[in-house]
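Number of protein chains: 2
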Amino acid sequence: MTGRSTSPGQGHKARGKALRLHGTIARKLGILIVSGKYQPGDLLGGEISSAEQLAVSRTAYREAVRILAAKGLVDARPKVGTRVNPQTSWHLLDPDVLDWTFESEPDLVLLDSLFELRNVVESAAAGFAAQRRSSVHLQGMRTALEGMATHTLATELGRQADLDFHTTLLVATGNPFIISLANGVRAAVRTTTIYKQRKQPLRRDPLPDHLRVFEAIAAKEPVKAQEAMSALIQLARIDTPTSKPAAAKKGR
Amino acid sequence: MTGRSTSPGQGHKARGKALRLHGTIARKLGILIVSGKYQPGDLLGGEISSAEQLAVSRTAYREAVRILAAKGLVDARPKVGTRVNPQTSWHLLDPDVLDWTFESEPDLVLLDSLFELRNVVESAAAGFAAQRRSSVHLQGMRTALEGMATHTLATELGRQADLDFHTTLLVATGNPFIISLANGVRAAVRTTTIYKQRKQPLRRDPLPDHLRVFEAIAAKEPVKAQEAMSALIQLARIDTPTSKPAAAKKGR
DNA sequence: AGCTGACATTTTGTCTGAGTTAATTTAGGA
DNA sequence: TCCTAAATTAACTCAGACAAAATGTCAGCT
Numbered sequence: 188m189t190g191r192s193t194s195p196g197q198g199h200k201a202r203g204k205a206l207r208l209h210g211t212i213a214r215k216l217g218i219l220i221v222s223g224k225y226q227p228g229d230l231l232g233g234e235i236s237s238a239e240q241l242a243v244s245r246t247a248y249r250e251a252v253r254i255l256a257a258k259g260l261v262d263a264r265p266k267v268g269t270r271v272n273p274q275t276s277w278h279l280l281d282p283d284v285l286d287w288t289f290e291s292e293p294d295l296v297l298l299d300s301l302f303e304l305r306n307v308v309e310s311a312a313a314g315f316a317a318q319r320r321s322s323v324h325l326q327g328m329r330t331a332l333e334g335m336a337t338h339t340l341a342t343e344l345g346r347q348a349d350l351d352f353h354t355t356l357l358v359a360t361g362n363p364f365i366i367s368l369a370n371g372v373r374a375a376v377r378t379t380t381i382y383k384q385r386k387q388p389l390r391r392d393p394l395p396d397h398l399r400v401f402e403a404i405a406a407k408e409p410v411k412a413q414e415a416m417s418a419l420i421q422l423a424r425i426d427t428p429t430s431k432p433a434a435a436k437k438g439r
Numbered sequence: 188m189t190g191r192s193t194s195p196g197q198g199h200k201a202r203g204k205a206l207r208l209h210g211t212i213a214r215k216l217g218i219l220i221v222s223g224k225y226q227p228g229d230l231l232g233g234e235i236s237s238a239e240q241l242a243v244s245r246t247a248y249r250e251a252v253r254i255l256a257a258k259g260l261v262d263a264r265p266k267v268g269t270r271v272n273p274q275t276s277w278h279l280l281d282p283d284v285l286d287w288t289f290e291s292e293p294d295l296v297l298l299d300s301l302f303e304l305r306n307v308v309e310s311a312a313a314g315f316a317a318q319r320r321s322s323v324h325l326q327g328m329r330t331a332l333e334g335m336a337t338h339t340l341a342t343e344l345g346r347q348a349d350l351d352f353h354t355t356l357l358v359a360t361g362n363p364f365i366i367s368l369a370n371g372v373r374a375a376v377r378t379t380t381i382y383k384q385r386k387q388p389l390r391r392d393p394l395p396d397h398l399r400v401f402e403a404i405a406a407k408e409p410v411k412a413q414e415a416m417s418a419l420i421q422l423a424r425i426d427t428p429t430s431k432p433a434a435a436k437k438g439r
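Protein sequence lines, in the order shown, are assigned to chains A and B. By the working numbering, the letter at position 202 of the first sequence is numbered 389, and the numbering carries on one by one without gaps. By the working numbering, the letter at position 209 of the second sequence is numbered 396, and the numbering carries on one by one without gaps.
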């Protein structure tokens with residue numbers, strides 16, 4: 188393991204403040220785990236040796252392990268060591284784990300699985316929103332749609348409006364778990380599909396799809412809203428390039 | 188708060204090994220947060236004062252905070268302090284957060300929200316399983332159902348068989364995210380509704396409901412499977428007492 | 001021979017105290 | 001008035017020692 192390859196610039200992490208040392212170590216180890224470099228059942232090596240191998244203090248290393256353990260990736264026990272858990276124990280929907288998963292290698296099968304879950308959850312969310320939305324929610328969604336129309340998804344403002352639309356819709360469900368879940372999933376999908384924005388400007392105009400969802404919710408028609416949202420998400424998946432940009436070297 | 192009180196008996200935590208000190212602190216603080224004792228925006232007080240107030244070293248306290256931060260509950264930054272995040276940042280579906288949430292106060296509205304999500308996800312899962320299950324999956328579910336029939340949900344073996352059924356069904360979906368999510372949610376619901384097993388022996392025999400799900404999956408009929416699972420879950424919700432058992436004090 | 005209990009060992013866990021770094025506040029200057 | 005630099009304060013990082021826990025080992029007993 189000579190290469191400390193990763194240039195220190197972890198600058199691409201939009202949502203958090205700059206990572207501290209323990210966060211950096213946790214991220215590094217987390218990626219090694221979710222990418223399979225460390226297999227479930229493997230030991231991570233003693234604290235002392237691991238810490239000095241990473242050129243950090245035992246404190247920083249331990250706090251990193253604590254983070255990984257909090258996300259279900261590892262389990263640390265005296266005399267045994269720190270062991271990588273089976274994948275069934277991982278908190279796959281944790282935002283960081285999701286991030287690490289799609290950072291390391293944008294596995295297309297996994298991406299499909301994520302879209303599948305998003306479809307299930309957000310479609311249902313649209314249905315609930317159609318039943319429970321208040322006029323305030325409706326107004327918020329309308330404003331967001333107008334924002335999407337004037338700016339477009341090509342601008343940051345437009346993307347923010349898109350985000351606002353979906354967020355407001357989720358809030359309208361009144362279900363905090365659905366909000367938490369869908370927000371995280373969508374963020375991960377967004378991160379992954381950010382490449383597409385770069386390749387082709389945009390294959391389709393997403394506004395009509397959003398409008399259909401909005402109108403169904405405004406009319407309080409859950410089934411229609413559900414179907415419209417499902418269509419929207421499936422079209423988004425189609426717009427996602429299913430060919431991995433060949434540059435994806437998995438073998439290090 | 189003098190004592191180092193905690194008699195070791197945190198025994199109700201079935202899934203983990205005994206908590207260490209940092210885990211205990213994280214749990215304690217986590218419960219304070221999700222229960223609203225600490226409000227979003229509040230500061231947790233300096234490391235030194237907080238640590239000595241809890242009668243632990245700064246190391247243990249810091250590792251506890253690291254755990255909470257990993258679950259999105261707090262955010263620690265130099266000069267600012269450790270601040271409780273807004274609820275939208277919490278990883279509500281994290282198993283520990285879920286545990287803490289329903290440990291502190293079994294909020295009925297929240298419980299309904301959780302059941303709602305479970306209904307959405309697990310019903311969809313049944314549908315996917317009906318499309319994708321292999322004969323091995325089918326055999327596993329059959330065995331589990333037989334186990335439920337011979338033992339009953341009154342015995343530990345029977346409950347294990349019930350768990351096996353649902354787990355195998357989830358595995359049959361082939362979607363790791365759905366597996367991760369549904370497993371966690373069901374565990375939380377199970378923990379919460381464990382009281383019901385005690386109050387009345389069982390209001391209904393859940394076996395027929397499970398059989399309907401099984402048969403739909405065996406017949407590869409997604410819609411039927413989905414409906415059957417939805418019915419099963421809604422009936423489970425009905426069986427859940429909507430009055431909180433005031434005796435819910437466990438130790439302490 | 002096989003089992004039971006004490007002990008020895010290894011690894012994480014916890015503690016202490018010092019020094020460092022980052023973000024905010026304040027003061028200074030253009 | 002606005003921008004820049006120092007002071008402040010909190011978390012962050014480090015180092016090294018000791019404690020506790022889980023495992024493995026071996027003597028002693030049945």
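Quick reminder that beta carbons are idealized off the backbone N, C-alpha and C, glycines included.
(1) 8 Å is my cut-off, CB to CB: does S236 of chain B come that close to chain A?
(2) Please list the partners that E303 of chain B has in chain A, where partner means a Cβ-to-Cβ separation under 7 Å.
(3) Using only CA atoms, which one of A:L260, A:K204, A:T246 and A:A369 lies nearest to I220 of chain A?
(4) Could you check which residue in A:G334, A:F401 and A:Y225 has the C-alpha nearest to that of R270 of chain A?
(5) Along the chain, where does the beta strand (DSSP E) that runs through T427 of chain A open and close?
(6) Hey, which unbroken runs of the beta strand (DSSP E) at 3 residues or more fall wholly within the stretch 246-312 of chain B?
(7) Report the neighbours of S321 of chain A on chain B: residues whose CB is nearer than 8 Å to its CB, in chain order.
(8) Using beta carbons (cut-off 8 Å, strictly below), is D281 of chain B in contact with chain A?
(9) Please report the residue range of the alpha helix (DSSP H) in which S338 of chain B lies.
(10) Can you tell which of B:V267, B:V308, B:T211 and B:E290 has the C-alpha that lies nearest to the C-alpha of L255 of chain B?
(11) For S300 of chain A, does the count of other Cβ atoms within 10 angstroms reach 16, so buried, or fall short, so exposed?
(12) Where does P395 of chain B land, buried or exposed, given buried means 16+ other C-beta within 10 angstroms?
(13) To be precise: take each residue of the stretch 404-422 of chain B, compare its Cβ to all Cβ atoms of chain A, and keep it if any distance is under 9 Å. Which residues remain?
(14) Ordered along the chain, which non-local residues of its own chain (more than five positions away) have a Cβ less than 6 Å from that of A316 of chain B?
(15) Mind listing which residues of the stretch 236-255 of chain A have their C-beta closer than 8 Å to chain B's C-betas, in chain order?
(16) I need the DSSP call for L325 of chain A, collapsed to helix, strand or coil.
(17) With H, G and I counted as helix, E and B as strand and the rest as coil, what does DSSP make of L422 of chain A?
(18) Can you pull the chain A residues whose beta carbon is under 8 Å from the beta carbon of V264 of chain B, in chain order?
(19) Would you mind giving the Cβ-Cβ distance between L216 of chain A and A251 of chain A, rounded to the nearest angstrom? I have them listed as a contact below 8 Å.
(20) Could you tell me the alpha carbon to alpha carbon distance between F352 of chain A and A263 of chain A, rounded to whole angstroms?
(21) Sort B:E239, B:G228 and B:E303 by Cα distance to S276 of chain B and report the nearest one.
(22) Alpha carbon to alpha carbon, what distance is there between L285 of chain A and H338 of chain B?
(23) Between the alpha carbons of Q240 of chain B and E234 of chain B, how many angstroms are there, rounded?
(24) Express the C-alpha separation of L350 of chain B and F411 of chain A in angstroms, rounding to a whole number.
(25) With respect to the alpha helix (DSSP H) encompassing R373 of chain A, which residues constitute its N-terminal and C-terminal limits?
(26) So which residues of chain A does W287 of chain B contact, with C-beta pairs closer than 7 Å?
(27) Please name the residue in B:E408, B:M416, B:K407 and B:R391 whose C-alpha comes closest to that of H397 of chain B.
(28) Apart from the five residues on each side of it in sequence, which residues of its chain come closer than 7 Å, Cβ to Cβ, to E292 of chain B?
(29) Run down chain B in chain order and give the residues with a C-beta less than 8 Å from the C-beta of T275 of chain A.
(30) Name the one or two DSSP bridge partners that L230 of chain A has.
(31) If you measure from the CB of R399 of chain A, is any heavy atom of the ligand HEM nearer than 7 Å?
(32) On the criterion of 16 or more Cβ atoms from any shown chain inside 10 Å, does I420 of chain B qualify as buried, or is it exposed?
(33) By a C-beta neighbour count over all protein chains shown, 10 Å radius and 16 as the cutoff for buried, is A406 of chain A buried or exposed?
(34) Which residues bound the alpha helix (DSSP H) around K215 of chain B?
(35) Taking C-beta to C-beta, are V400 of chain B and I365 of chain B nearer than 8 Å?
Once the coordinates are examined:
(1) no
(2) N362
(3) A:L260
(4) A:Y225
(5) Judged by DSSP secondary structure, T427 of chain A falls outside any beta strand (DSSP E); it is assigned neither H nor E.
(6) 261-264 and 268-271, all fully within the stretch 246-312 of chain B.
(7) Within 8 Å Cβ-Cβ: nothing; S321 of chain A doesn't reach chain B, min ~17 Å.
(8) yes
(9) Here residue 338 of chain B is His; the residue named in the question, Ser, does not match the sequence. Looking at the DSSP string, H338 of chain B is not in any alpha helix (DSSP H), and its letter there is neither H nor E.
(10) B:T211
(11) buried
(12) So P395 of chain B ends up on the exposed side.
(13) none
(14) For A316 of chain B, same chain residues with a beta-carbon under 6 Å away, outside a window of 5 residues either side, are L356, A359, T360 and I404 in chain order.
(15) T246, R249, E250, R253 and I254
(16) helix
(17) helix
(18) A quick correction: the sequence has Arg, not Val, at residue 264 of chain B. K204, listed in chain order.
(19) 6 Å
(20) 42 Å
(21) B:G228
(22) 39 Å
(23) 10 Å
(24) In the sequence as presented, Phe is not what sits at residue 411 of chain A; that position holds Lys. In a straight line, the C-alpha of K411 of chain A is about 35 Å away from that of L350 of chain B.
(25) P363 to T379
(26) By Cβ distance, chain A contributes nothing, its closest Cβ being about 13 Å from W287 of chain B, past 7 Å.
(27) B:M416
(28) S222
(29) I366, S367 and N370
(30) A:R270
(31) Because no ligand of any kind appears in the structure shown, any question about the ligand HEM cannot be addressed here.
(32) buried
(33) exposed
(34) L208 to V221
(35) no
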